[in-house]
Amino acid sequence: MTRWRGWTWLVWLVGGFAAAAPARAGSGDIPVATGVELRIQPPLPVWPSDYETITERRPVFRLNGRYEATAYRVELARDAAFPSPIIISDAQVTENTGIAPVVVLSYPGEPLTDGQYYWRAFAGDDTGFTTPAANYHTFFVASTDVDEIAVPAEIVHPRLLLRADEREGFRRRVGRSVRLAAGFQYLQNAANGMLNAKPPDEAYARAGEGQHGNYSTCATWYRRHLLNVAFTAFVTGDDRLTAKGVEMLMTACAYERWLGPLFDDPRHFDPPWNAALETAMMTTAVATGYDLLYPKLTPRQREKVREALVNKGIRPLIREWADPITASRLPRHQVPTGNWVMVCAGSAGVGALALLGEDPEAAQWVRLVRNRVRAWLRDRGGDWYVDNPHPPGRPTPIPVVGPSDPNFDIDGGYKESISYMSYAMTYVCCFADGLRRATGEDLFAHVPKNVLGPAAWSALAWPEDGEVRSSVFQFGDCGPGVQFPLLYAALTKHRRDPLAAWLSQRVTPIPQFVRDLVWLDESVAGSEPDTAVPMAVFRGIGQVVLRSGWGADTPAAAIKFRQNRGHLDIGTFCLFGGGHPTIVDSGSSPYGSAIYGQYSSQTVAHNVVLVDDKPQARANGELLAAVGTSQLAAASGQLAAAYPDALRSWTRDLVMLPGGLALVLDR
143 MTRWRGWTWL
153 VWLVGGFAAA
163 APARAGSGDI
173 PVATGVELRI
183 QPPLPVWPSD
193 YETITERRPV
203 FRLNGRYEAT
213 AYRVELARDA
223 AFPSPIIISD
233 AQVTENTGIA
243 PVVVLSYPGE
253 PLTDGQYYWR
263 AFAGDDTGFT
273 TPAANYHTFF
283 VASTDVDEIA
293 VPAEIVHPRL
303 LLRADEREGF
313 RRRVGRSVRL
323 AAGFQYLQNA
333 ANGMLNAKPP
343 DEAYARAGEG
353 QHGNYSTCAT
363 WYRRHLLNVA
373 FTAFVTGDDR
383 LTAKGVEMLM
393 TACAYERWLG
403 PLFDDPRHFD
413 PPWNAALETA
423 MMTTAVATGY
433 DLLYPKLTPR
443 QREKVREALV
453 NKGIRPLIRE
463 WADPITASRL
473 PRHQVPTGNW
483 VMVCAGSAGV
493 GALALLGEDP
503 EAAQWVRLVR
513 NRVRAWLRDR
523 GGDWYVDNPH
533 PPGRPTPIPV
543 VGPSDPNFDI
553 DGGYKESISY
563 MSYAMTYVCC
573 FADGLRRATG
583 EDLFAHVPKN
593 VLGPAAWSAL
603 AWPEDGEVRS
613 SVFQFGDCGP
623 GVQFPLLYAA
633 LTKHRRDPLA
643 AWLSQRVTPI
653 PQFVRDLVWL
663 DESVAGSEPD
673 TAVPMAVFRG
683 IGQVVLRSGW
693 GADTPAAAIK
703 FRQNRGHLDI
713 GTFCLFGGGH
723 PTIVDSGSSP
733 YGSAIYGQYS
743 SQTVAHNVVL
753 VDDKPQARAN
763 GELLAAVGTS
773 QLAAASGQLA
783 AAYPDALRSW
793 TRDLVMLPGG
803 LALVLDR
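Per this note's numbering, the very first residue in the sequence shown carries number 143; after that it's consecutive.
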């Protein structure tokens, strides 16, 4: 045994394990193959999309088919178990080009009555082979369109964050709170510091390299500074800040595009993309700035902003990320999975809410985004979709991957990482808050109740050099902390979530962004997670955290048994003890860097052992058991899938005992 700064670490290794060796780069956040070889992959149900409400009583079902298939079948039922389904097999291929054939099947029976329906799709060929079904989708039939978005009777701005008649109440709330007052002072200082700043123009945006150029950097700048200056001007009435906000807004709208240089180049993306993360961030910034500055804009300025929002932001974002039919024609856009779709769809929704009542299409845009966000939050996984948007060296047809994992598991674990959960949820919250203010509809009811569990259980803090340092168990491409102020504030406002209040106070005690300042509800009492059993298990993502508290001297450990974000690292673990991190993982690095491709995503960079000097295969392990008492906890997993040609079994156990003793045992 080796004493390691407050921990005792025992590793039992069996012959055949050896030192590290470099390996091939990981392949991102696409699903891991199940190991079942299918001659044809299941088709993708496209329409009716998940949780959609339709008024058509004889619906037409739309699929993304498979080029190898010659026959299709849809099953329709009133029960998710499909006990006696209606079979629809008269399929028509209406488009036979692009990433997948477009297949439609018309329901031929008696008109459907009101209620909930479930449907699933199959493909087959002339030999009699039939695919398994992808996961079912569900929709509702109703006499009236309950999903319709109501348009306000009159146009009132500002409205997304605060109305003019709410401004004085906000000032009083800030005046009563030391915490909010400090946050608003910080924002005022930052806004005044921008008075002499020159907003980045498109010449700078074009100058960058890579798929984003500098457009993403510029969009991030506008998202932070345009919003802050415009909001501070609205609250304080400072004419200097108003003028600077208008200057920023009109400079952003003068860009020819809000998209990096490579996305719409078919040499790099085929089919081309016309909307990406920078499009989304710029849309959110401009829409919110437009709303706050609206009373100070001239009619011509308002018109220019609306034109920019619609043509450079909302329309391409809706078409490629929110509309289930048009999005189904692009690789990686077809299903509501992963973080990009929420950043892009949520931002389109913020833009559409800003124009509700001013653009005739805005209500439909809001509806499409609302439905996409709802489907993402309630995603069950199990879909097969076309991946790989990059044409160089790509097979024909483009590979189909699946089955997809659910976005969230039953325990609140998000499949990519804690940081990517926050990135996606930030834009979900921006849209959902605006939607509730505009229509009263509460999308927060669909947010997993335990969404903050992984962040809370993984959060680390300790004193060092007179400061409080913080970190997190960094599995996959997780960032270095859990500073997610907008998410915490939104959940205090809309769910009165005590865990959100505790994390907000612990991690971000002073609001430093406009939305968390406006949203934070200090009347919600904070409460840390219950550690009666010193363990949290996130079954779907295969991660277990073992700890009995959050003090700097309280040991903590974590282990993962499933891959995420393409890291070849199942079985890796982290330890915290002796007042600081003791064993850490590789952390995150830029995806385009050699460090990421050759090191940080590779097996050698993680706390695992190598078999015969080889890296792991890209595979999922299995969480076998996780048990705990009031005094100890243990997790065990099967990792043999990492070396399918060399190992029949490889189990790894992580045990945390009283007194700061941690055991890691390989067998």
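Even glycine gets a Cβ: it sits at the ideal position worked out from N, Cα and C.
Asked: Is the distance from the Cβ of residue 487 to the Cβ of residue 615 below 9 Å?; Found: no
Asked: Using CA coordinates, which residue listed in 671, 381, 625, 690 is at the minimum distance from residue 658?; Found: 625
Asked: Does DSSP put residue 210 in a helix, a strand or coil?; Found: coil
Asked: Can you tell me whether residue 239 is buried or exposed, with buried defined as 16 or more other CB within 10 angstroms of its CB?; Found: exposed
Asked: Residue 552: buried (16+ other C-beta within 10 angstroms of its C-beta) or exposed?; Found: exposed
Asked: Does residue 363 get closer than 9 Å to chain B when you measure Cβ to Cβ?; Found: The structure shown contains no chain B; it is built from a single protein chain.
Asked: Consult DSSP for residue 725 and reduce its assignment to one of helix, strand or coil.; Found: strand
Asked: Please state whether DSSP places residue 821 in a helix, a strand or coil.; Found: An answer regarding residue 821 cannot be provided, because it is not within the stretch 143 to 809 covered by the chain.
Asked: Let me check one thing: in DSSP terms, what residues is residue 611 bridge-paired to?; Found: 604
Asked: Round the Cβ separation of residue 328 and residue 263 to the nearest angstrom and send it over; I've been treating them as touching at under 8 Å.; Found: With 8 Å as the limit, residue 328 and residue 263 do not qualify as a contact, their Cβ atoms being about 53 Å apart.
Asked: For residue 418, is the beta carbon positioned less than 8 Å from some heavy atom of the ligand SAH?; Found: Looking for the ligand SAH in the displayed structure turns up nothing, as the structure carries no ligands at all.
Asked: Quick check: the Cα distance between residue 751 and residue 757, rounded to an integer number of angstroms?; Found: 9 Å
Asked: Run through DSSP, which three-state label would residue 424 get?; Found: helix
Asked: Select from 747, 704, 717, 798 the residue whose C-alpha is nearest the C-alpha of residue 782.; Found: 704
Asked: Checking the sheet assignment: what are the DSSP bridge partners for residue 330?; Found: Per DSSP, none; premise fails for residue 330.
Asked: By DSSP's criteria, residue 699 is part of a beta bridge. Which residues make up the other side?; Found: 688, 717
Asked: Using only alpha-carbon positions, find the residue among 730, 522, 714 that is nearest to residue 702.; Found: 714
Asked: Mind checking residue 340: buried by the 16 CB within 10 Å criterion, or exposed?; Found: exposed
Asked: For a quick check, are the C-beta atoms of residue 711 and residue 730 less than 9 Å apart?; Found: no
Asked: In chain order, what residues of the same chain have a beta carbon less than 6 Å from the beta carbon of residue 375, not counting five sequence neighbours either side?; Found: 383, 384, 387
Asked: Which value, in whole angstroms, describes the spacing of the CA atoms of residue 408 and residue 596?; Found: 39 Å
Asked: Which residues does DSSP pair with residue 680 in a beta bridge?; Found: 685
Asked: Output the boundary residues of the alpha helix (DSSP H) element that contains residue 511.; Found: 504-519
Asked: Measure the CB-CB distance between residue 508 and residue 498 and report whether it falls below 9 Å.; Found: yes
Asked: Just how far apart, CA to CA, sit residue 436 and residue 299?; Found: 6 Å
Asked: What did DSSP end up calling residue 635 once you bin it into helix, strand or coil?; Found: helix
Asked: Would you check if the distance between the CB atom of residue 429 and the CB atom of residue 496 is smaller than 9 Å?; Found: yes
Asked: Is it the case that the region 218-231 contacts the region 309-326, given that we only count it when at least three CB pairs across the two stretches are under 8 Å?; Found: no
Asked: Assuming residue 484 and residue 455 are in contact, meaning their beta carbons sit under 8 Å apart, how far apart are those beta carbons, in whole angstroms?; Found: Not quite, the Cβ-Cβ distance comes to about 16 Å (not below 8 Å), so this is no contact.
Asked: How long is the line joining the alpha carbons of residue 565 and residue 761, rounded to whole angstroms?; Found: 25 Å
Asked: To which residues of the same chain is residue 417 closer than 7 Å at the C-beta, ignoring the five residues directly before and after it?; Found: 401, 458, 459, 462, 463, 486
Asked: Assuming residue 364 is part of the alpha helix (DSSP H), what are its boundary residues?; Found: 357-378
Asked: Which class does residue 482 belong to by DSSP, given the choice of helix, strand or coil?; Found: helix
Asked: Can residue 301 and residue 678 be called in contact, C-beta distance under 9 Å?; Found: no
Asked: Pop quiz: residue 234 and residue 216 are said to be a contact at Cβ under 8 Å. What is the actual Cβ separation, rounded to whole angstroms?; Found: 12 Å between Cβ atoms; not a contact.
Asked: DSSP on residue 789, reduced to helix/strand/coil?; Found: coil
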